[in-house]
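**Student:** The following block contains the structure, expressed as structure tokens.
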Amino acid sequence: MSQIRNFITFILSRPGAAFGLALLLLQVVAIIFAPLLATHAPTEADPLASLQPPSGAHWLGTDVSGMDIYSRIIYATRVNLLISIVAVAVAFVIGVPVGLVVGYYRGWASTFVMRVFDFIQSFPVFVLGMALVSVMGQEIWNVAIVLAVLFVPIFARLIRAEALSLRDRPFIAAARCSGATDSQIMFRHILPNALTPAIVQISISIGMAILLTAGLSFIGAGVRMPLPEWGLMVSVGSQQMILGVWWVALFPGLAIVFSVLSFALMADALRDYVDPRRERA
Amino acid sequence: MSFSTTWRRLPRTLRIVLTRLPMVMPQMLGVIFVTFMLVRLLPGDPALLMLGNMATPESIANLREQLGLDGSLWQQFVHYLGGVLQGDLGVSLFTSNPVAVDLMERAPATLELIFYAMILTILIAVAVAVLAVVRPGGIADYISRFYGMAAGAIPDFWVGLLLIFFLFSTLGIAAAPFGRIDPMVSPPPAVTGFYTFDAVIAGDFAALKSAAGRLLLPVLTLTIVNAGALMKMTKTTFADIWRSDFIRHQRASGLSQTRIVRNALRNSLPPVITLVGFLIGFLLGAAVLVETIFSWGGLGQYAVQAVTYSDYPALQGFVLVAAVFILVVYLIVDILYELADPRIQV
Amino acid sequence: MELKTLLFPSRRLLMQTALGALVLAAPLAAQPGWAQNAQEILIVAGPRTPESLDQEYPPTEAVHELRRNVNERLLTYEMKKGEDGISYEDFSKVAGALAESWEVAPDFKSITFHLRSGVVSGAGHPLDADDVMWSFERGWNLKSNFHWYMTQILKIEDFDTAFEKIDDMTVKVSIPNASPLLEKLWINSDLGILDSDTMKEHLTDADPWGQRWLATNSASFGPYKVTKYAPGQEIIYEANADYYRGAPKLKKVIFREMPTSANRLAALQAGAVDVAEYLSPRELSMLGQMPGVTINKVFGNFVHRVEMQNETPPFDNPKVRRALNYLVPRDEIAKAVYFDTARPTKSPISEIYPAFTEEYYDFGNDVEKAKALLAEAGLPDGFQTELGYRTGDQLEEELAVILKTAFAKAGVDVTLSKLPASTLVERYTKGQIPMYFFRDMAIVPDAAYVANLWLNSNSLIDYSRFHSDEVNELINSALTSTEEEKRLSDMKRVQQITMENAPWVFLFNPGYQLATRQNVKGFSWYTPNGNAWFDFYKE
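These protein sequences, in sequence, are chains L, S and Z.
Each number in our numbering comes from the position in the first sequence (counting from 1) with 17 added on.
Each number in our numbering comes from the position in the second sequence (counting from 1) with 78 added on.
Each number in our numbering comes from the position in the third sequence (counting from 1) with 408 added on.
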């Protein structure tokens with residue numbers, strides 16, 4: 018408990034981190050109270066109200082189908098964060114044990130797994146994501162699964178690197194002498210000490226996931242219309258941007274920036290909190 | 079003479095390259111296999127797409143045979159692998175050209191874009207980082223803090239759209255955001271494939287002006303989005319070195335500021351080289367989105383077209399070339415890194 | 409001394425002059441004679457370059473335009489000026505094209521073409537009966553477009569009995585049963601005649617009909633030949649100076665692919681292109697208020713509708729299909745999406761073709777009636793279904809979102825699926841998607857031909873699986889009968905049955921519009937909706 022209180026005090030003492038936390042809370046509020054905050058149904062088309070500039074009736078204007086942009090941005094928080102958090106959670110749950118095992122045991126199997134990861138990472142992330150989502154079909158769960166596949170190697174590598182440096186430490190040798198099994202050593206002794214970078218990575222990865230989801234939707238390989246999703250909304254507006262209709266693409270883009278920013282700032286704060294030396298540098 | 083002595087007599091560079099090669103080969107094979115499987119699972123029957131409304135069962139069967147779509151998946155892969163090794167990536171269903179030819183034709187557009195984006199990114203990132211460290215509390219320091227915070231949070235496609243809106247639609251100062259050159263201007267005769275270089279070689283200033291104008295917005299988009307990460311990284315590395323003992327020593331010895339900066343910069347180079355390598359790979363992915371927005375006609379737009387029209391061979395070709403390109407870039411980066419750091423044993 | 413300097417200029421001077429000349433010459437060389445004939449060059453921005461230059465490739469909008477400019481057919485319609493000043497085909501007057509004259513046998517079972525003399529291809533080869541026979545043979549053997557027309561419309565069964573070379577300039581086509589389309593069919597630009605001399609230079613054992621070569625090259629007798637084809641980027645047409653109707657006024661047409669319609673609009677506005685094809689109605693209405701631009705509009709024969717799988721529940725019940733038709737807010741769509749450039753579809757037959765009638769159309773926007781129909785069909789709470797539309801089609805996406813909201817008013821919950829064109833086509837061909845957008849045109853101005861395409865349950869293009877024995881019989885009799893009166897009344901009955909059964913959600917006839925710079929004149933309209941650059945010129 019006091020850990021959490023310390024962390025919050027730490028955040029509040031730093032303007033960047035405090036800003037990030039505020040943005041994050043704003044999103045939580047949007048997710049929980051979306052029906053109360055929204056002024057219109059997020060997927061209801063009104064052809065006669067299409068492409069209206071921001072006004073009292075439509076705070077951030079309407080898109081080409083006459084859907085209210087403000088309400089869609091609010092509801093989209095649910096979709097975007099859901100996809101990203103699920104993707105990162107899956108990647109974490111798979112990546113961490115794999116990284117641990119691969120870091121603990123040496124041998125051809127470990128090398129092989131690392132080679133497979135190398136090679137997943139040798140593809141341009143976005144291109145691989147685009148191809149995979151096309152294969153699996155445009156469903157939000159498929160987007161989440163694809164992102165998870167892309168993120169597993171990141172978590173596995175982080176944990177592996179830590180495990181490699183920990184496995185030869187004296188306290189592990191001591192545990193082994195006192196008769197601990199391999200799995201006890203891995204999960205009780207190595208894991209707790211190896212987790213910090215992976216936890217920081219969670220926050221970074223959620224931000225990445227939001228950007229990738231938006232990019233995939235933008236080129237039409239993400240979620241389907243008229244689901245409110247930020248990248249898809251920018252894509253709808255991209256057609257009009259060149260004609261001078263700016264509000265359709267501008268606002269959802271800003272939402273992406275602030276959302277990703279909040280996770281990046283939280284990651285920075287976490288990293289500085291666990292490793293105070295960095296801050297001074 | 080034993081193998082190990084021969085080995086040790088080889089030049090270091092060659093040894094580094096030789097140890098890397100056996101690792102690259104299976105990776106390449108793996109890349110080919112994955113691209114093949116991945117793309118073959120895409121929805122949509124290309125034979126039907128090509129025949130459309132006029133399709134009859136007979137004509138579909140004919141076309142499938144022609145395209146090598148019948149036969150087991152394994153046979154198809156062996157067939158594909160054999161082709162790839164001879165530089166045959168199949169024929170694009172969309173353009174009816176050999177995929178290798180299509181990719182070769184479009185590669186210069188993408189490479190030119192990445193090339194200029196890379197240069198501008200490095201210039202801006204390094205300049206801001208160095209200034210910020212050398213003059214703490216100065217303007218550059220504030221810019222770097224602010225910009226560093228936003229680094230990696232800005233979607234590239236959105237920045238591209240904003241630039242189009244402000245610089246083209248509203249202010250009208252940027253060139254039209256579609257294509258590499260004005261349609262009224264004929265492209266310079268191809269030597270390098272880079273319009274700007276070719277225009278200089280041909281002395282065609284109208285083409286140079288048009289091509290440079292068209293490059294401005296997409297290059298700016300890629301730079302704005304990517305310079306932040308490089309700047310942050312350079313700043314951290316450079317700051318560590320700036321505070322190190324040997325720089326302090328140099329300062330105490332009365333070396334000029336520029337000399338000191340140059341020395342510090344040279345020492346912060348290795349990690350920056352690594353990041354630049356990653357950046358090239360990243361820019362290739364980003365090109366997919368940016369090229370689509372600016373109708374650039376390069377590899378990225380080709381890939382999006384391939385997805386849209388279920389053009390299997392084209393998508394396969396692109397993913398393959400992109401992955402191989404990145405493997406090669408990483409290989410070069412690793413080699414450069416090892417060369418730059420003589421402590422690493424080979 | 410002075411003379412000597414002139415005769416033997418110093419080496420340095422020589423170098424300078426040479427360098428200067430090089431710098432000056434280079435830009436000129438890059439743009440050969442550009443300035444003097446900008447009038448003769450047209451730059452066009454379109455959504456897509458043709459997929460293939462082979463006339464056996466399935467027809468798409470881009471391909472139709474290519475054929476209109478490159479292919480030449482045996483027959484044509486005479487042109488007439490409409491009240492709007494635009495040239496249209498006069499469907500009642502057939503004229504000769506590559507065939508200078510022709511005779512149809514009194515029993516409508518054979519047609520004889522007498523070829524025009526002095527016709528020369530883009531490659532410079534003269535036309536003769538061998539070109540025609542070779543083109544027929546190629547089309548027959550490739551079993552695609554030509555084969556489809558010959559077997560499905562003219563019911564030809566055997567090549568040798570049907571096609572006959574009478575002499576060097578005469579060819580005869582005989583068919584087993586009388587057909588009212590025996591004459592009109594040859595006007596289709598899908599049935600172009602190839603320059604067989606050029607083709608034969610590119611045949612190989614593996615490719616006896618030159619498919620690979622023709623996919624990226626042209627060999628025809630039309631007004632233009634293709635000199636550069638970069639699919640996905642551009643296609644360049646250059647005039648066939650020896651074209652039989654005279655050399656085209658535009659010597660060169662550069663077609664640039666710009667997939668995003670807003671970019672085409674911006675390019676036209678900026679004067680970077682002369683012509684912008686397929687702009688959205690919204691963009692056209694914006695452009696209409698701007699100086700320097702002309703918008704040509706015709707109603708044309710395009711149809712855009714949502715088809716339903718008539719065999720899959722709940723769409724096997726005509727009441728459900730009718731209910732959806734009552735839910736479409738056509739007035740709002742006409743205004744907000746089409747900006748009044750489109751007309752609601754009121755019959756399966758194109759409104760500009762003979763036999764069209766709108767008297768059986770009664771689909772107003774009536775939510776109560778729709779709910780009542782659904783209740784009668786046993787679905788008072790609606791149902792769930794899926795609607796597919798094409799990737800990259802902005803207008804279809806707009807319509808899909810509007811329809812989703814509209815259908816929800818009667819409890820019909822629609823999932824929208826954006827699919828690559830190939831996937832969508834595959835799924836509806838196999839009957840695997842309950843609802844999908846369908847955009848098409850029937851290029852032969854004949855009601856029976858149109859009905860046969862979409863409503864004959866034996867047609868491969870009856871993707872909605874509509875089946876009515878009476879409709880099938882009426883179509884078959886109209887395709888073999890040459891009694892115009894009876895054909896007309898039969899086709900009225902077909903329209904009545906169709907409207908009562910509502911196999912599709914009728915939407916709009918979007919028409920055809922073309923935006924050009926003001927100095928581009930000569931717009932004309934043909935049934936395949938491709939622009940004929942031969943008719944255009946610049947002022």
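Every residue gets a Cβ at the ideal spot worked out from N, C-alpha and C, and that includes glycine.
Expressed to the nearest angstrom, what Euclidean distance is found between the alpha-carbon atoms of Leu-393 of chain S and Ala-74 of chain L?
**Tutor:** Going from the Cα of Leu-393 of chain S to the Cα of Ala-74 of chain L covers about 45 Å.
**Student:** Quick check: Tyr-645 of chain Z and Asn-773 of chain Z, are their CB atoms within less than 8 Å of each other?
**Tutor:** The answer is no: Cβ separation not under 8 Å.
**Student:** Could you tell me the alpha carbon to alpha carbon distance between Asp-598 of chain Z and Thr-301 of chain S, rounded to whole angstroms?
**Tutor:** Computed Cα separation, rounded: 49 Å.
**Student:** Kindly indicate the opening and closing residues of the beta strand (DSSP E) around Leu-915 of chain Z.
**Tutor:** Counting along the chain, the beta strand (DSSP E) containing Leu-915 of chain Z begins and ends at 912-917.
**Student:** Could you please tell me which residues of the segment 163-188 of chain S, in chain order, have their CB closer than 9 Å to any CB of chain Z?
**Tutor:** Per Cβ criterion, the list reads Val-169, Ser-170, Leu-171, Phe-172, Thr-173, Ser-174, Asn-175, Asp-180, Glu-183 and Arg-184.
**Student:** Going by alpha carbons, who is nearest to Pro-141 of chain L out of L:Asp-285, L:Leu-229, L:Val-251 and L:Phe-275?
**Tutor:** Among L:Asp-285, L:Leu-229, L:Val-251 and L:Phe-275, the Cα nearest to that of Pro-141 of chain L belongs to L:Leu-229.
**Student:** Using beta carbons (cut-off 8 Å, strictly below), is Pro-141 of chain L in contact with chain S?
**Tutor:** Pro-141 of chain L counts as touching chain S.
**Student:** Please go through the same chain and pick out, in chain order, the residues whose beta-carbon is closer than 7 Å to the beta-carbon of Glu-473 of chain Z, but skip the five residues on each side of it.
**Tutor:** Result list for Glu-473 of chain Z: Gly-938 and Asn-939, in chain order.
**Student:** Quick one, are the C-beta atoms of Ile-883 of chain Z and Leu-868 of chain Z less than 8 Å apart?
**Tutor:** Taking 8 Å as the Cβ cut-off, Ile-883 of chain Z and Leu-868 of chain Z do not qualify as a contacting pair.
**Student:** Between Val-928 of chain Z and Val-683 of chain Z, is the Cβ-Cβ spacing less than 8 Å?
**Tutor:** Cβ distance < 8 Å, so Val-928 of chain Z and Val-683 of chain Z count as in contact.
**Student:** With a 10 Å radius around its C-beta and 16 neighbouring C-beta atoms as the bar for buried, classify Arg-739 of chain Z as buried or exposed.
**Tutor:** The residue asked about is misnamed: residue 739 of chain Z is Asp in this sequence, not Arg. Exposed: under 16 other Cβ atoms inside 10 Å.
**Student:** Is Met-104 of chain S buried or exposed, if buried means 16 or more other CB atoms sit within 10 Å of its CB?
**Tutor:** The sequence given here places Pro at residue 104 of chain S; Met does not occur at that position. Its Cβ having fewer than 16 others within 10 Å, Pro-104 of chain S is exposed.
**Student:** Quick check: what's the CA-CA separation for Leu-40 of chain L versus Arg-798 of chain Z?
**Tutor:** Going by the C-alpha atoms only, they are around 37 Å apart.
**Student:** Taking any Cβ of chain S, which residues in the segment 230-246 of chain L have a Cβ under 8 Å from it, in chain order?
**Tutor:** The residues in question are Ala-231, Gly-232, Phe-235, Ile-236, Gly-237 and Ala-238.
**Student:** Under 6 Å Cβ to Cβ from Val-177 of chain S, same chain only, skipping five residues before and after it: list those, please.
**Tutor:** Result list for Val-177 of chain S: Leu-167, Gly-168, Ser-170, Pro-391, Ala-392 and Gly-395, in chain order.
**Student:** Counting only C-beta atoms, is Ser-825 of chain Z closer than 8 Å to chain L at any point?
**Tutor:** Closer than 8 Å: yes.
**Student:** Using a Cβ cut-off of 8 Å (strictly closer), state whether Pro-435 of chain Z contacts chain S.
**Tutor:** Residue confidence for Pro-435 of chain Z is low, a pLDDT of 39 falling below 50, so the modelled location carries little weight; the figure read from the coordinates is stated next. Yes, its Cβ sits closer than 8 Å to a Cβ of chain S.
**Student:** Is the distance from the Cβ of Leu-430 of chain S to the Cβ of Asn-304 of chain S below 8 Å?
**Tutor:** No answer is possible for residue 430 of chain S: it lies beyond the span of chain S, which begins at 79 and ends at 424.
**Student:** Any C-beta of chain Z within less than 8 Å: which residues of the segment 76-96 of chain L qualify?
**Tutor:** So the close ones are Val-81, Ser-82, Gly-83 and Met-84.
**Student:** Enumerate, from N- to C-terminal direction, the unbroken alpha helix (DSSP H) stretches of 4 or more residues contained entirely within the segment 260-286 of chain S.
**Tutor:** Runs of the alpha helix (DSSP H) inside the segment 260-286 of chain S: 273-280.
**Student:** Helix, strand or coil for Ile-413 of chain S? Go by DSSP, reduced to three states.
**Tutor:** If DSSP states are grouped into helix, strand and coil, Ile-413 of chain S belongs with the helices.
**Student:** Examine chain L for any beta-carbon lying closer than 8 Å to the beta-carbon of Asn-671 of chain Z, and answer yes or no.
**Tutor:** For Asn-671 of chain Z, the answer is yes, since a Cβ of chain L falls inside 8 Å of its Cβ.
**Student:** Measure from the alpha carbon of Gly-120 of chain L to the alpha carbon of each residue in L:Arg-177, L:Val-81 and L:Thr-198, then state which is nearest.
**Tutor:** That would be L:Arg-177, whose Cα lies nearest to the Cα of Gly-120 of chain L.
**Student:** Evaluate Leu-658 of chain Z with the Cβ neighbour count: other Cβ atoms within 10 Å of its Cβ, from every protein chain shown; 16 or more gives buried, anything less gives exposed.
**Tutor:** The residue in question, Leu-658 of chain Z, is buried, as its Cβ has 16 or more Cβ neighbours within 10 Å.
**Student:** Are the segment 229-243 of chain L and the segment 197-217 of chain S touching by the rule of at least three beta carbon pairs closer than 8 Å?
**Tutor:** The segment 229-243 of chain L, when compared against the segment 197-217 of chain S, does not touch it at the 8 Å Cβ threshold.
**Student:** Roughly how many angstroms lie between the CA atoms of Ala-62 of chain L and Lys-777 of chain Z, to the nearest whole one?
**Tutor:** Those two C-alpha atoms are separated by around 22 Å.
**Student:** Indicate whether at least one CB of chain Z lies closer than 8 Å to the CB of Asp-285 of chain L.
**Tutor:** Judged by the 8 Å Cβ criterion, Asp-285 of chain L is not in contact with chain Z.
**Student:** For Phe-914 of chain Z, count the other beta carbons within 10 Å of its own beta carbon; 16 or more makes it buried, fewer makes it exposed. Which is it?
**Tutor:** Classification of Phe-914 of chain Z: buried, given that the 10 Å Cβ count is 16 or more.
**Student:** Across which residues does DSSP place Tyr-122 of chain L in a beta bridge pair?
**Tutor:** DSSP output for Tyr-122 of chain L lists no bridge partner at all.
**Student:** Quick check: what's the CA-CA separation for Tyr-220 of chain S versus Met-309 of chain S?
**Tutor:** Their backbone Cα atoms lie some 13 Å apart in a straight line.
**Student:** Helix, strand or coil: how does DSSP classify Asn-864 of chain Z here?
**Tutor:** Correct three-state label for Asn-864 of chain Z: coil.
**Student:** On the criterion of 16 or more Cβ atoms from any shown chain inside 10 Å, does Trp-152 of chain S qualify as buried, or is it exposed?
**Tutor:** With fewer than 16 other Cβ atoms within 10 Å, it is exposed.
**Student:** Comparing the C-beta of Leu-65 of chain L with each C-beta of chain Z, is any distance below 8 Å?
**Tutor:** Answer yes: the Cβ-Cβ gap between Leu-65 of chain L and chain Z drops below 8 Å somewhere.
**Student:** Can you tell which of Z:Pro-699, Z:Tyr-857, Z:Ser-604 and Z:Pro-639 has the C-alpha that lies nearest to the C-alpha of Gly-454 of chain Z?
**Tutor:** It is Z:Pro-639.
**Student:** Apart from the five residues on each side of it in sequence, which residues of its chain come closer than 6 Å, Cβ to Cβ, to Ile-662 of chain Z?
**Tutor:** If we look at Ile-662 of chain Z and ignore the five residues flanking it on each side, its Cβ neighbours are Ile-451 and Ile-644.
**Student:** Examine chain L for any beta-carbon lying closer than 8 Å to the beta-carbon of Pro-440 of chain Z, and answer yes or no.
**Tutor:** Only weak support exists for where Pro-440 of chain Z lies, its pLDDT of 43 falling under 50; the coordinates are left without a value.
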